[in-house]
Amino acid sequence: MKLKNKLISLFVLPVMFLSACGNGEPAKTPEPKDVTAAIVAEIEMNSAVEKGKADIADYYTDLDVSKVESASFYICGSGAYPDEVAVIKMTDAADVNTAKTSLQNRLDKQIELYSTYTPDEMYKLDNAKVYTNGNYAILLACADNEKAKEIADGMF
0 MKLKNKLISL
10 FVLPVMFLSA
20 CGNGEPAKTP
30 EPKDVTAAIV
40 AEIEMNSAVE
50 KGKADIADYY
60 TDLDVSKVES
70 ASFYICGSGA
80 YPDEVAVIKM
90 TDAADVNTAK
100 TSLQNRLDKQ
110 IELYSTYTPD
120 EMYKLDNAKV
130 YTNGNYAILL
140 ACADNEKAKE
150 IADGMF
């Protein structure tokens with residue numbers, strides 16, 4: 000009887016421990032383009048133009064594109080407004096902080112540029128959000144950064 004109980008414990012306990020981890024729902028891994036599109040659908044961005052992984056080096060100059068799985072970002076096509084919404088999915092979670100730093104560097108450059116170019120638009124940059132979620136690095140600089148964050152977070 001003792002042997003039977005031990006055998007059952009060997010098989011049942013690991014299954015119990017594994018099933019106890021998490022909330023039972025698999026982690027959502029949305030495509031960056033779906034996240035940015037959802038934000039732009041809800042929050043108006045002047046002259047919004049979508050860019051992707053192929054355009055990263057032009058905007059996020061210190062990011063190693065070979066470590067990016069996929070990316071989507073919207074910017075103002077005319078350059079007149081500082082609006083920018085970016086979601087970059089890294090192939091490895093170990094590189095996500097590098098992507099976050101790159102997004103923050105871009106934001107810092109935009110703050111410097113727009114502070115004299117269009118000071119009335121600075122509220123978008125002053126309240127901008129740069130953060131990570133799993134393998135994703137996210138930059139939100141638009142008319143309603145709180146709402147943009149709610150939309151993005153709801154996709155994960």
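Quick note on numbering: numbering that gives the first Met the number 0 labels position 1 of the sequence shown as 0, and the sequence is numbered without any gaps. Just so you know, even glycine gets a beta-carbon here, dropped at the ideal spot from N, CA and C. Predicted model, so just to flag it, every value in this text is computed and none were measured.
Cβ pair residue i, residue j closer than 8 angstroms
i	j	result
Y59	R105	yes
V95	T131	yes
K167	V64	Residue numbering for the chain in the displayed model covers 0 to 155; residue 167 lies beyond these limits and cannot be assessed.
V129	Q103	yes
T90	E68	yes
Status (buried if at least 16 other CB within 10 Å, exposed otherwise) for residue i
i	result
L139	buried
C20	Note that C20 scores a pLDDT of 46, beneath 50, so its modelled location is shaky and nothing firm can be said.
Y135	buried
D125	exposed
T115	exposed
D82	buried
S77	exposed
T35	buried
L112	exposed
K99	buried
K123	buried
CB-CB length for residue i against residue j, believed under 8 angstroms
i	j	result
A85	I137	7 angstroms
C75	M44	7 angstroms
I42	A147	6 angstroms
P31	I87	7 angstroms
Which residues DSSP lists as bridging residue i, in chain order
i	result
Y130	I137
Residue ranges of each beta strand (DSSP E) within the region 37-115, 3 or longer: 47-51, 67-75 and 83-89
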